[in-house]
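Read through the structure below, which is laid out as structure tokens, and then see the notes.
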Amino acid sequence: CWGTPLHRVAGDDEDAITMAVEAGRAALTAGGAVERVVLVSRYLPLLESSNAAVLLAGLGLDPELEVDERLGGAPATVDAVSSAR
């Protein structure tokens with residue numbers, strides 16, 4: 011594990027999706043229904059196709075669940091969160 015408890019840095023064998031799966035698993039421990047997944051990163055491993063299938067499988071969620079993928083930093087995050095239903 012790289013970084014600090016409050017700041018994660020990808021290791022040599024990690025990418026945005028593996029980090030998103032770990033963060034998602036931590037968030038899912040609270041329980042509750044998942045209606046939508048939002049993924050924002052500056053570096054998504056698959057630019058030509060969707061990262062959603064890998065992310066949903068890693069989280070054990072329904073493969074038909076809506077995933078909003080955004081490429082970018084803080085502005086993309088704010089946009090994704092503010093447009094969440």
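Using our numbering, the letters of the sequence shown map in sequence onto residues 11 to 95. Even glycine gets a Cβ: it sits at the ideal position worked out from N, Cα and C.
Can you check DSSP and say which residues form a bridge with residue i?
{"i": "R80", "result": "V50"}
Going by beta-carbon coordinates alone, are residue i and residue j separated by less than 9 Å?
{"i": "A62", "j": "L49", "result": "yes"}
{"i": "A26", "j": "L54", "result": "yes"}
{"i": "R46", "j": "L75", "result": "yes"}
Put residue i into one of helix, strand or coil per three-state DSSP.
{"i": "E58", "result": "coil"}
{"i": "T39", "result": "coil"}
{"i": "L75", "result": "coil"}
{"i": "G70", "result": "coil"}
What does a CB cutoff of less than 7 Å around residue i pick up in its chain, not counting 5 residues either side in sequence?
{"i": "A101", "result": "Nothing in the structure corresponds to residue 101, since the chain is present only between 11 and 95."}
Note down, in chain order, each residue of its chain lying with its Cβ closer than 8 Å to the Cβ of residue i, except the 5 sequence neighbours on either side.
{"i": "T87", "result": "V50 and R80"}
{"i": "L57", "result": "L81"}
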